[in-house]
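Chemist: Handing you this structure, nothing more for now.
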């Protein structure tokens, strides 16, 4: 059992369905040219001089961009009218499902088609392994979870649909019978991460997951929770070894050693909803004349969505197996992880297949989105920390995590691992033992969400650190500094980070900031006012990347210098398109005229093939597969905001580098009349772009259009398509260009010369990151620290964030304005998580279909210090430091910083989230 | 049923028969295909569906559309996000939203744009003191939910449009 953030089985072949995927171009708003969405230099291009986003005009003019904007009439070649579907869900997961009473839908309100488990079984649909579980709960079974779908109702006309959904709003037509209690399902995953460092920082570890692999316990009996003991009979040897070291660590923490401060604390986090503003939506049309299934979807994982649908229908009986699936992907109205591997798309496809010839739209309303959308995992955490009182150094840490994964496995195992390996945060701890188990429950399915397990475990940790500092006593920032992991130190899995570790700088910034320096004075200033003042600090790290990330990019330059970029990652508000334009401009000297994201249809020239699972493959298998010059460990991966800069732009940047090196540079040499024998012909690295002109000292500047024209005229490289794969390191390969070999962090390359066609180049050699890297917890990480000052009214418990400061590092920011915006948004989401947002996990929770924003509170402008939030980005260490993912880390430290500030103000340590006004009022009573 | 006639973005819409319980949001999105006005919650809590109503007395208000029947707009004049720019020229507010990177996913943008536009028009008629400006903006925009940005850049964009023309907007 290994967690896999992405399943990449070769369903396409197995299913015998041809797939094509493309980016759905936005319909143009009235009065705007078609290119207004992505204006080039010919139009007003706010991205060209850093004054806006490439999608800015479309978004302020109401252009059709999102899946929910499109109807059949908007799509060329589709029928004119759109039918509508309702996905009916069961709200009771403790009693047998008896069926639906649709008597209230009589006459015109009667659905044209009703699809249930019975119909699904008849057509031979298969459930993709990632979504294992009944797609529809069959009559006679107890639903696996609250909100499990039971039927699709399809209405030919909008009016019938609209009236029916109102009639069905209360959900009482879904009938339940005998009480059975919730369905019992084995846990989704259980792991133990144990590390014992050697006697010195330089010496090898005594034991670590990198050395011994990741381990999972056996089971003694059929219980929900695993048996962690090393004596468990069915325990395999590798687990027993980890468990014995872990038990030693725990025994040391239990030893009542007076020289050691030991704290033993529990912490609970809550279920929350990503609450992206656009509820999930999709449009499907099965054109049964030609057997084509046409889809319009908005997801973070386009490749996976299409392959899952192909698997779903791959062995369906005629006419339910399409010959061809064409999926068009749109912009998304927020994601935050909740649209990565969402089962919703399967139901869109089914709606289309069961109403052939008619385009069908399936759209959640907000109640349904709460009821069926992916949630954040609630954690129950017990943490023990042992600190040498004399030195203030952390000696040992042990923790136990239990995650509620809800009804389907989804990413539960992966979230468990990421949360566990983040449990020691920024610290260097020589002895660590963390167990984690993700369990099934009748709650709504939990999966990927910004923070991905780390916001839960690092909040618990940073609150514990604050308490430990007070108990020692040591200044909280000094305590953090003494224990912070150094650049070459080892993480919990036993590997060092392979990127910069700038925690000391961040702690220095926090310590010298006025919010921290003036904390006592501010407390005193309002001492007799009825307002309690507190200041809190926290500093965290967040991994970015999944250990199997792919980047596809295609860049072309026309004879007139126009640049176009295609990328497979998705625009989810993270500004990936703008970041692409800026990163390519570094190499080609100008902003792109066209940037197209979510494209996975334009890389055919690479002829890529793949096999196996990149997470579980052994080295021998990888080495054998790599002999095929077209093979890569994986082709395309899901988008998350935190990897947009690092992963999403990588391949396009490498493609641009190839165009420069083998297209524009030789063109420049010709225009400068520098022969190949001249030593300056090798000076490409010294050339710089300035104001659209290529500069080499002592020579006349050359304008991009002149270079492009020459490159085309001389049949030089004018386009490149690249692919790369990262398993905590990018793949590397060499390609032959004439007498030269081009070495780059890519594993596949196709080039276009002049105005010719793209041709793949066979790699001369390739290095894929070793499969042992799968034992790494994380190797890419960004750090962020936050200070907050809160003011709490003693009588009401009302909390106001008076001031806040976050400092982060992100390498080279590709679009600083987007980094700043993500940081501000992350702060807001963190405030909501800490103080406002909460969903009951089971009964009374969102699975009942009755939740909306009236009950579920997210941070609004008035909850935030809009004029008193300061964000500081550390400048990159070097001008060419690669961009680092930062969109997740920025929402994490605000949560523990708020809890620490609340303690500073009230003297009360809360050990669960959220801390609401009512709780504060109660604590102060 | 109601025979609904109204003016949208300065253009009279031919009367259309609509059910009395059809929401304005669905009228715009499903009947007219004007999907610039978004659907977020259906409970008037997120305000991403906000549009502008131009009153006969020359004033304008904003209103959510998700819970308001289309029929209640009979005879009225409204503006939506699709109607702000004219002849391909963006308004100062639209440009400011882009210049400030005010939005990320952009799903809430139409609501913020309409709310801020009404604020500008109100201030043009009844300016506020500079010292009241930030508070005025905060009060006007509060209630609109943005899950991506943390609101700051929206507020700064609106503020800068006002500060760029202080004689018009400030007392």
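Residue numbers (our numbering), protein chains in the order written: chain A, 1 to 925; chain B, 1 to 171. Beta carbons: idealized from backbone N, C-alpha and C, even for Gly.
1. Counting Cβ pairs closer than 8 angstroms, one from the segment 619 to 633 of chain A and one from the segment 780 to 796 of chain A, do we hit at least three?
2. Which of the three DSSP states, helix, strand or coil, is assigned to residue 795/A?
3. Could you name the residues of chain B that residue 371/A contacts, counting a contact when the two beta carbons are closer than 8 angstroms?
4. Take residue 245/A and list the residues in its own chain whose beta-carbon comes closer than 6 angstroms to its own, dropping the five residues that flank it on each side.
5. Going residue by residue through the segment 772 to 841 of chain A, where are the continuous alpha helix (DSSP H) segments of at least 4 residues, counting only ones entirely within it?
6. Roughly how many angstroms lie between the CA atoms of residue 798/A and residue 105/B, to the nearest whole one?
7. What ranges does the beta strand (DSSP E) occupy inside the segment 6 to 87 of chain B, keeping only unbroken runs of at least 3 residues that lie completely in it?
8. Looking only at DSSP bridge pairs, what is residue 363/A linked to?
9. Any beta carbon from chain B within less than 8 angstroms of residue 775/A's own beta carbon?
10. Can we count residue 102/B as close to the ligand HEM, meaning its CB is less than 7 angstroms from some heavy atom?
11. Does residue 56/A have its Cβ less than 8 angstroms from a Cβ in chain B?
12. For residue 250/A, collect the residues of the same chain with a Cβ closer than 6 angstroms to its Cβ; drop the 5 residues on either side in sequence, then sort them by chain order.
13. Within the same chain, show all residues whose beta-carbon is closer than 8 angstroms to that of residue 686/A, passing over the 5 residues directly before and after it, in chain order.
14. Once DSSP output is grouped into helix, strand and coil, what is the label at residue 110/A?
15. If we ignore side chains and look at the alpha-carbon of each, how far apart do residue 922/A and residue 459/A end up?
16. Does the distance from the C-beta atom of residue 54/A to that of residue 164/A stay below 8 angstroms?
17. DSSP state of residue 553/A, grouped into three classes?
18. Mind checking if residue 121/B is an interface residue toward chain A, Cβ cutoff 8 angstroms exclusive?
19. Give the residues of chain B in contact with residue 858/A, contact being defined as C-beta atoms less than 7 angstroms apart.
20. Is there contact between the segment 400 to 413 of chain A and the segment 467 to 480 of chain A, where contact requires at least three CB pairs shorter than 8 angstroms?
21. Hey, which unbroken runs of the alpha helix (DSSP H) at 4 residues or more fall wholly within the segment 574 to 600 of chain A?
22. Which whole-angstrom value describes the C-beta separation of residue 926/A and residue 445/A, a residue pair presumed to lie in contact below a C-beta threshold of 8 angstroms?
23. Take every Cβ of the segment 145 to 158 of chain A, pair it with every Cβ of the segment 840 to 853 of chain A, and state whether three or more of those distances are shorter than 8 angstroms.
24. For residue 275/A, return the contacting residues in chain B, with the cut-off set at a CB-CB distance below 7 angstroms.
25. For residue 81/B and chain A, any beta-carbon pair shorter than 8 angstroms?
26. Decide if residue 51/B is buried, meaning its Cβ has at least 16 other Cβ atoms within 10 Å, or exposed.
27. Excluding five sequence neighbours on each side, which residues of the same chain lie with their C-beta closer than 7 angstroms to the C-beta of residue 177/A?
28. Return the CA-CA distance between residue 777/A and residue 213/A, expressed in angstroms with no decimal places.
29. What number of angstroms, rounded off, separates the C-alpha of residue 86/B from the C-alpha of residue 10/B?
30. Run through the DSSP bridge pairs and tell me what residue 383/A is partnered with.
31. By DSSP's criteria, residue 149/A is part of a beta bridge. Which residues make up the other side?
32. Please list, in chain order, all residues of the same chain as residue 400/A whose beta carbon is under 7 angstroms from its beta carbon, the five residues on each side excluded.
33. Which of the three DSSP states, helix, strand or coil, is assigned to residue 672/A?
34. Roughly how many whole angstroms lie between the Cα atoms of residue 28/B and residue 97/B?
35. State the start and end residues of the unbroken alpha helix (DSSP H) segment that holds residue 418/A.
36. Taking 8 angstroms as the threshold (beta carbon to beta carbon), is residue 292/A in contact with chain B?
Modeler: Let me lay it out:
1. no
2. As a first step, residue 795/A is located in the first chain; it is residue number 795 there, counting from the start. The answer is coil: DSSP assigns residue 795/A none of H, G, I, E or B.
3. The residue labelled residue 371/A in the question sits at position 371 within the first chain. By Cβ distance, chain B contributes nothing, its closest Cβ being about 13 angstroms from residue 371/A, past 8 angstroms.
4. What you label residue 245/A is simply residue 245 of the first chain in a count that begins at 1. Excluding positions up to five away in sequence, the list reads 194, 196, 207.
5. 816 to 831
6. What you label residue 798/A is simply residue 798 of the first chain in a count that begins at 1. What you label residue 105/B is simply residue 105 of the second chain in a count that begins at 1. Approximately 31 angstroms, taken between the alpha carbons.
7. 11 to 18, 51 to 54, 60 to 63, 77 to 79
8. Counting from one through the first chain, the residue named residue 363/A turns up at place 363. Answer by DSSP bridge pairing, in chain order: 281/A.
9. As a working mapping, residue 775/A is identified with position 775 in the first chain. Proximity of residue 775/A to chain B, defined by a Cβ-Cβ separation below 8 angstroms, is not satisfied.
10. Absence of the ligand HEM is noted for the structure shown, with no ligands found whatsoever.
11. Counted from its first residue, the first chain places residue 56/A at position 56. So, interface residue.
12. Position 250 of the first chain, counted from the first residue, corresponds to residue 250/A. The residues are 398.
13. Here residue 686/A refers to the residue found at position 686 of the first chain. These residues qualify, in order along the chain: 696, 697.
14. Along the first chain, read from residue 1 onward, the residue named residue 110/A stands at position 110. It is coil, neither helix nor strand.
15. Mapped onto the first chain, residue 922/A falls at position 922. Mapped onto the first chain, residue 459/A falls at position 459. One C-alpha to the other measures close to 22 angstroms.
16. Here residue 54/A is taken as the residue at index 54 of the first chain, counted from 1. Here residue 164/A is taken as the residue at index 164 of the first chain, counted from 1. Not in contact: residue 54/A and residue 164/A (Cβ atoms no closer than 8 angstroms).
17. Here residue 553/A refers to the residue found at position 553 when the first chain is read from its first residue. Looking at residue 553/A - three-state DSSP - the assignment turns out to be strand.
18. Looking up residue 121/B in the second chain gives position 121. Chain A, which has no Cβ nearer than 8 angstroms to the Cβ of residue 121/B, makes this no.
19. Mapped onto the first chain, residue 858/A falls at position 858. Near residue 858/A (Cβ distances below 7 angstroms), the residues of chain B are 145, 147.
20. no
21. 576 to 588
22. Coverage of chain A is limited to positions 1 through 925, which leaves residue 926/A absent and any answer about it impossible.
23. yes
24. The sequence position of residue 275/A within the first chain is 275, counting from 1. Residues of chain B passing the Cβ test: 147.
25. Along the second chain, read from residue 1 onward, the residue named residue 81/B stands at position 81. It does: the Cβ of residue 81/B has a partner Cβ on chain A nearer than 8 angstroms.
26. Indexing the second chain from 1 puts residue 51/B at position 51. When all chains shown are included, residue 51/B counts as buried.
27. If you number the first chain from 1, residue 177/A lands on position 177. Cβ within range, chain order: 95, 96, 98.
28. The residue given as residue 777/A occupies position 777 in the first chain. The residue given as residue 213/A occupies position 213 in the first chain. Cα-Cα distance, rounded: 11 angstroms.
29. One-based indexing of the second chain puts residue 86/B at position 86. One-based indexing of the second chain puts residue 10/B at position 10. Rounded to whole angstroms, residue 86/B to residue 10/B spans 11 angstroms at the Cα level.
30. For the purposes of this step, residue 383/A is taken as the residue at position 383 of the first chain. Its beta-bridge partners are 265/A, 399/A.
31. Within the first chain, the letter at position 149 stands for residue 149/A. In DSSP, residue 149/A forms a bridge with 89/A.
32. For the purposes of this step, residue 400/A is taken as the residue at position 400 of the first chain. Within the same chain, residue 400/A has close Cβ partners 382, 435.
33. The residue you call residue 672/A lines up with position 672 of the first chain. Helix, per DSSP.
34. The sequence position of residue 28/B within the second chain is 28, counting from 1. The sequence position of residue 97/B within the second chain is 97, counting from 1. Straight-line spacing of the CA atoms in residue 28/B and residue 97/B works out to 24 angstroms.
35. Position 418 of the first chain, counted from the first residue, corresponds to residue 418/A. Unbroken alpha helix (DSSP H) run through residue 418/A: 412 to 421.
36. Locating residue 292/A in the first chain gives position 292, counting from the first residue. No - not a single Cβ of chain B is within 8 angstroms of the one on residue 292/A.
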